[in-house]
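Beneath this line is the structure, given in structure tokens, with notes to follow.
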Amino acid sequence: MIKNENVEGEPAYDETYRRGPVVMRGPMIPKDNTYANLLAPEESTDWLHADPWRVLRIQAEFVDGFGALAELGPAVTIFGSARTPKTDPLYKAARTVGRKIAQRGVAVITGGGPGIMEAANRGAASVNGKSVGLGIELPHEQGLNKYVNLGMDFRYFFVRKTMFVKYSSGAIVFPGGFGTLDEMFEVLTLVQTHKVKRMPLVLVGSEYWQGLFDWLNGPVMSAGMISPLDPDLVHITDDLNESVDIALSGLI
Numbered sequence: 027m028i029k030n031e032n033v034e035g036e037p038a039y040d041e042t043y044r045r046g047p048v049v050m051r052g053p054m055i056p057k058d059n060t061y062a063n064l065l066a067p068e069e070s071t072d073w074l075h076a077d078p079w080r081v082l083r084i085q086a087e088f089v090d091g092f093g094a095l096a097e098l099g100p101a102v103t104i105f106g107s108a109r110t111p112k113t114d115p116l117y118k119a120a121r122t123v124g125r126k127i128a129q130r131g132v133a134v135i136t137g138g139g140p141g142i143m144e145a146a147n148r149g150a151a152s153v154n155g156k157s158v159g160l161g162i163e164l165p166h167e168q169g170l171n172k173y174v175n176l177g178m179d180f181r182y183f184f185v186r187k188t189m190f191v192k193y194s195s196g197a198i199v200f201p202g203g204f205g206t207l208d209e210m211f212e213v214l215t216l217v218q219t220h221k222v223k224r225m226p227l228v229l230v231g232s233e234y235w236q237g238l239f240d241w242l243n244g245p246v247m248s249a250g251m252i253s254p255l256d257p258d259l260v261h262i263t264d265d266l267n268e269s270v271d272i273a274l275s276g277l278i
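Note that our numbering has the sequence shown beginning at 27, numbered continuously upward.
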């Protein structure tokens, strides 16, 4: 959110809303958003005539994404929180991992935001590696971080997640919240259901992640809700070199 100074005699708007290149403030801020419009049930059939155009826009976003990344080459995706400050040891760790991956001639893909994503992009860019940011258009987000040297903003989460999976041979997951969990479980679900080829998934931070997987392998599996997780699919570690080696093993 961008705060604006209150100049006497002029309106002071507390919020700035961005939709693509368009900036809106005060009464011009809309009450809806692109993603909500897609998922909302329709009260009238009038919107049936708009949905085909929405499908074309989604199609165009897939085409743009495929075009931007088609010649990227081998890549590893790094997921993690946008809220991790630069003073956090995890920021330094993600920066190190990004640098080590780029030094092996492999592109680093992130969500393009701040925090862990910025750190990984920063590490890759520091050695002139391919530093990719796949952002998402949200009203109050700052946009792609300055360490991205190949980036694209998406309207739709599902298109963006397709790009993460399609162009990565492995994924490293740092501690994060709902967005990070969503991305991690997307990969797990696609691999477990054989919708995509096998790809290594490395979770950095045993203290943070172990409880979640103890729960999955315990109560959830005991209740018959999931099949046993392949022990060679998910790796939890605190060793940064090991995380890089495992993630890159998908390229062999």
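Beta carbons are placed, not taken as given, at the ideal position from N, Cα and C, and that holds for glycine. It should be emphasised that the depicted structure is a prediction, and the values quoted were computed from it without experimental measurement.
Worksheet item: What do you get for I104, buried or exposed, if any count of 16 or more other CB atoms within 10 angstroms of its CB means buried?
Response: As a working note, residue 104 is residue 78 in the sequence shown. So I104 counts as buried.
Item to complete: Please report how far the alpha carbon of A62 lies from the alpha carbon of T188, in whole angstroms.
Response: Residue 62 sits at position 36 when you count from the first residue of the sequence shown. Residue 188 sits at position 162 when you count from the first residue of the sequence shown. Each residue's alpha carbon lies about 19 Å from the other.
Discussion item. Quick check: G202 and S269, are their CB atoms within less than 8 Å of each other?
Written reply: Taking the sequence shown and counting its residues from 1, one reaches residue 202 at position 176. Taking the sequence shown and counting its residues from 1, one reaches residue 269 at position 243. Contact: no.
Practice prompt. Please state if the CB of G161 and the CB of G138 are separated by a distance shorter than 8 Å.
Written response: Counting from one through the sequence shown, the residue named residue 138 turns up at place 112. Counting from one through the sequence shown, the residue named residue 161 turns up at place 135. Taking 8 Å as the Cβ cut-off, G138 and G161 qualify as a contacting pair.
Worksheet item: Taking just the CA atoms, how far does D40 sit from D258?
Response: Residue 258 sits at position 232 when you count from the first residue of the sequence shown. Residue 40 sits at position 14 when you count from the first residue of the sequence shown. Using only the alpha carbons, I get a separation of about 50 Å.
Item to complete: Check each candidate in N243, Q85, L266, P226 and name the one with the smallest Cα separation from L277.
Response: Start at 1 with the first residue of the sequence shown, and residue 277 comes out as number 251. For L277, the nearest C-alpha among the options comes from P226.
Discussion item. Can you check which of these residues, D114, F88, F239, is closest to L214 by C-alpha distance?
Written reply: Counting from one through the sequence shown, the residue named residue 214 turns up at place 188. Ranking D114, F88, F239 by Cα distance to L214 puts F239 first.
Discussion item. Quick check on D258: does DSSP put it in helix, strand or coil?
Written reply: As a working mapping, residue 258 is identified with position 232 in the sequence shown. Reduced to three states, the DSSP call for D258 is coil.
Practice prompt. Report the three-state DSSP secondary structure of I55 (helix, strand or coil).
Written response: In the sequence shown, counting from the first residue as 1, residue 55 sits at position 29. Of the three classes helix, strand and coil, the one that applies to I55 here is coil, per DSSP.
Item to complete: Please look up how many angstroms separate the CB atoms of V132 and P100, rounded, as I've assumed it's under 8 Å.
Response: Taking the sequence shown and counting its residues from 1, the one referred to as residue 132 is at position 106. Taking the sequence shown and counting its residues from 1, the one referred to as residue 100 is at position 74. Right, their Cβ atoms sit about 5 Å apart.
Fill in: Stretch-stretch touch, CB-based, cutoff 8 Å, three pairs: the segment 76-93 with the segment 195-211
no
Fill in: Presumed contact (8 Å Cβ cut-off) between V158 and G177, rounded CB distance
Taking the first residue of the sequence shown as 1, we reach residue 158 at position 132. Taking the first residue of the sequence shown as 1, we reach residue 177 at position 151. Separation of the CB atoms of V158 and G177 is rounded to 7 Å, and the pair is thereby assigned contact status at 8 Å.
Worksheet item: What runs of the alpha helix (DSSP H), each 4 residues or longer, lie entirely inside the segment 131-180?
Response: 142-152
Practice prompt. Label K172 either buried or exposed according to how many other C-beta atoms from any shown protein chain fall within 10 Å of its C-beta, with 16 as the threshold for buried.
Written response: For the purposes of this step, residue 172 is taken as the residue at position 146 of the sequence shown. K172 comes out exposed.
Discussion item. Between A128 and A150, how many whole angstroms is the CB-CB distance? I'm expecting something under 8 Å.
Written reply: In the sequence shown, residue 128 corresponds to position 102, counting from 1. In the sequence shown, residue 150 corresponds to position 124, counting from 1. Contact flag correct, Cβ pair sits at about 4 Å.
Discussion item. Give me, in chain order, the residues of the same chain whose beta-carbon lies closer than 8 Å to that of V185; leave out the 5 immediate sequence neighbours on both sides.
Written reply: For the purposes of this step, residue 185 is taken as the residue at position 159 of the sequence shown. Scanning its chain for C-beta atoms nearer than 8 Å, with the 5 sequence neighbours on each side dropped, one finds around V185 the residues I84, E87, F88, G91, in chain order.
Worksheet item: Apart from the five residues just before and just after I252, which ones in its own chain have a Cβ nearer than 6 Å to its Cβ?
Response: By 1-based counting over the sequence shown, the position of residue 252 is 226. For I252, where only same-chain residues beyond five positions count, the Cβ hits under 6 Å are V246.
Worksheet item: In terms of DSSP beta bridges, what is A128 paired with?
Response: Walking along the sequence shown from the start, residue 128 turns up at place 102. DSSP, once it has assigned bridges, lists no residue as partnering A128.
Worksheet item: Sorted by chain position, which residues of the same chain lie with C-beta nearer than 6 Å to R109's C-beta, five sequence neighbours on each side aside?
Response: Stepping through the sequence shown from its first residue, residue 109 is reached at position 83. The residues G141, in chain order, have a CB closer than 6 Å to that of R109 in the same chain once the five nearest residues on each side in sequence are set aside.
Discussion item. If I measure Cβ to Cβ from I28 and keep anything under 7 Å in the same chain, skipping five residues before and after, which residues do I get?
Written reply: Residue numbering aside, residue 28 sits at position 2 when the sequence shown is read from its first letter. Only weak support is given to the placement of I28: the predicted model assigns it a pLDDT of 39, under 50, and the value that follows is read from those uncertain coordinates. T42.
Worksheet entry | Contacting residues, own chain, Cβ-Cβ under 7 Å from V33 (five flanking each side not counted) | What you label residue 33 is simply residue 7 of the sequence shown in a count that begins at 1. The predicted position of V33 is uncertain, since its pLDDT is 45 and thus under 50; a value taken from the coordinates is nonetheless stated next. Closer than 7 Å at the Cβ level, and outside the excluded window around V33, lies no residue.
Discussion item. Taking CB distances under 8 Å as the criterion, tell me whether E87 reaches chain D.
Written reply: In the structure shown, chain D cannot be found, because there is only a single protein chain.
Discussion item. Taking a contact to mean a Cβ-Cβ separation below 8 Å, would you say F190 touches I135 in this structure?
Written reply: For the purposes of this step, residue 190 is taken as the residue at position 164 of the sequence shown. For the purposes of this step, residue 135 is taken as the residue at position 109 of the sequence shown. Yes, Cβ-Cβ distance for F190 and I135 is below 8 Å.
Discussion item. Between the alpha carbons of L116 and F200, how many angstroms are there, rounded?
Written reply: Counting from one through the sequence shown, the residue named residue 116 turns up at place 90. Counting from one through the sequence shown, the residue named residue 200 turns up at place 174. Roughly 8 Å between the two C-alpha positions.
Item to complete: Please go through the segment 73-106 and give each complete beta strand (DSSP E) segment of 3 or more residues, from N-terminal end onward.
Response: 101-105
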